[in-house]
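Visitor:
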Amino acid sequence: MAGLGGRFSTVIKAKISRMLDRAEDPAETLEYGYQQQVELLQNVKKGIADVTTSKKRIQMQSQKLEQQVVKLDTQARQALSQGREDLARTALERKTAVQTELQSLDQQVQELERQQAQLTENEQKLRQKIDAFRTKKEVIKAQYSAADAQVRISEAATGVGEQMADLGLAIQRAEEKTEAMRARASAVEELEAAGTFDDVTQIGPGQDDIDRQLHELTAGSQVDSELERMKAELGTGAGGGDSPSLDPGGKDADADAPALEPGRPGEGGR
Amino acid sequence: MIVRISGEDQFRLPDADAERLNELDNRAVAAAEAGDEAGFRELWLHMIELVERDGERLPDDELVHSDVILPPRDISFAEAVGEFTGEGVIPD
């Protein structure tokens with residue numbers, strides 16, 4: 001196969017042949033390789049546990065953050081009605097960062113946990129194959145001439161080697177994902193610790209770095225559209241001046257809603 | 001023909017499936033190269049389904065090497081693209 005499978009097969013086959021090339025005794029090599037994989041897998045599990053802990057910590061803060069979200073939303077509205085679009089944007093960026101980060105962390109941790117379960121299953125599978133190999137080797141030795149036996153044993157070793165190489169690749173993949181997740185989780189924690197999600201009126205000098213990070217996290221689009229929506233809602237009150245009546249609720253507000261209740265996001269806010 | 005789904009199991013497939021699998025494979029590669037994520041996803045799903053439907057799962061004590069090794073089921077589009085353009089799904 002020239003495509004997807006071909007390339008992938010090649011990677012694994014190269015790994016196996018490298019491993020078995022060095023082997024004087026394939027059984028011993030496989031045993032040793034297995035121990036190495038188990039150790040690597042422990043690292044992955046520890047990494048995932050770390051990320052899960054971070055996630056839980058963030059989740060515990062999330063109730064606080066949810067309140068913060070409402071507050072930031074209110075502040076964005078207030079800022080806009082005072083003509084401070086810059087401040088409103090910052091508030092919305094912070095709000096968006098909290099929401100999207102929590103959501104994406106959740107999904108990714110779930111995925112990692114699923115991956116961990118699968119890795120554990122694969123480790124057991126490999127263990128069974130090595131056991132089977134050990135038995136088979138003795139049977140082959142008893143049944144065949146030395147030269148024949150060597151060929152057959154080496155074939156069987158390749159089968160086990162493939163399983164091992166595959167587990168190795170899966171471990172590596174999980175490790176990379178865990179690393180990326182860890183970076184994300186600690187980025188959110190850093191932002192939290194720096195008071196980034198606190199009162200927007202506390203924005204002062206020296207927060208350039210935080211704001212840059214926020215900007216990267218939120219990547220504009222959602223913030224832009226929300227800002228536009230908010231502007232449209234506030235439009236008559238803030239900009240025009242020709243209309244004496246404040247109508248902050250906009251089109252989505254219930255008719256009987258009190259005129260001024262800026263703390264309520266008009267739509268979709270959580 | 002023995003096919004492995006990376007991260008999972010090995011399957012024994014009728015040799016007749018090789019052609020079909022190869023065709024899907026080539027189309028999946030073309031989709032990935034063209035940046036067609038939806039197309040790639042669909043083809044990829046077909047490949048996995050074909051292996052699971054026609055294949056007989058090998059027991060853990062069977063020690064054979066695979067003729068074909070498919071990438072993990074949950075391969076991302078970015079990983080798939082990297083397969084062909086970059087240093088591969090998993091750099092060595």
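Chains A and B, in that order, give the protein sequences. Reminder that position 99 of the first sequence reads as 99 in our numbering, one-by-one numbering, no gaps. Reminder that position 31 of the second sequence reads as 31 in our numbering, one-by-one numbering, no gaps. Ideal Cβ positions, reconstructed from N, Cα and C, are used throughout, including at glycine.
Please confirm whether A43(A) has its beta-carbon closer than 9 Å to some beta-carbon of chain B.
Guide: Before going on, a small fix: residue 43(A) reads as Asn here, not Ala. Not one chain B Cβ lies under 9 Å of N43(A).
Visitor: Report the CB separation of I171(A) from L112(A) in whole angstroms; it is logged as a contact under 8 Å.
Guide: Actually they do not touch by this definition, with Cβ atoms about 13 Å apart.
Visitor: Can you list the residues of chain A that H65(B) reaches, using a CB-CB cut of under 7 Å?
Guide: T158, G159, E162
Visitor: Please determine, among K71(A), D106(A), T100(A), the residue with the shortest C-alpha to C-alpha distance to K56(A).
Guide: D106(A)
Visitor: Give the list of continuous alpha helix (DSSP H) stretches no shorter than 4 residues that lie fully inside the stretch 25-105 of chain A.
Guide: 26-81
Visitor: Is there a C-beta anywhere in chain A that falls below 9 Å from the one on V68(B)?
Guide: yes
Visitor: Quick one: grab the DSSP three-state call for E124(B).
Guide: A query on residue 124(B) cannot be resolved here, the shown segment of chain B reaching from 1 to 92 and no further.
Visitor: Using beta carbons (cut-off 9 Å, strictly below), is P14(B) in contact with chain A?
Guide: no
Visitor: Which value, in whole angstroms, describes the spacing of the CA atoms of P26(A) and R94(A)?
Guide: Distance between the alpha carbons of P26(A) and R94(A) is about 57 Å.
Visitor: Note down the Cα distance separating K15(A) from L87(A), rounded to an integer number of angstroms.
Guide: 55 Å
Visitor: Opposite V3(B) in the DSSP bridges: which residues?
Guide: Per DSSP, F11(B), V68(B).
Visitor: Tell whether a beta-carbon distance below 9 Å holds between I2(B) and P72(B).
Guide: no
Visitor: Check the Cβ-Cβ distances between G55(B) and every residue of chain A, and say whether any is below 9 Å.
Guide: Not closer than 9 Å to any Cβ of chain A, the Cβ of G55(B) fails to qualify, so no.
Visitor: Contact check, L30(A) vs V160(A) under 8 Å by CB: the rounded distance?
Guide: 5 Å
Visitor: On the premise that Q10(B) lies in contact with L58(B), defined as a C-beta separation below 8 Å, what is that separation, rounded to the nearest angstrom?
Guide: Confirmed, about 4 Å.
Visitor: Give the residues of chain B in contact with Q128(A), contact being defined as C-beta atoms less than 8 Å apart.
Guide: D60, D61
Visitor: Hey, is D36(B)'s beta-carbon within less than 9 Å of any beta-carbon in chain A?
Guide: no
Visitor: If we cut at 9 Å on Cβ distances, does G83(A) have a partner in chain B?
Guide: no
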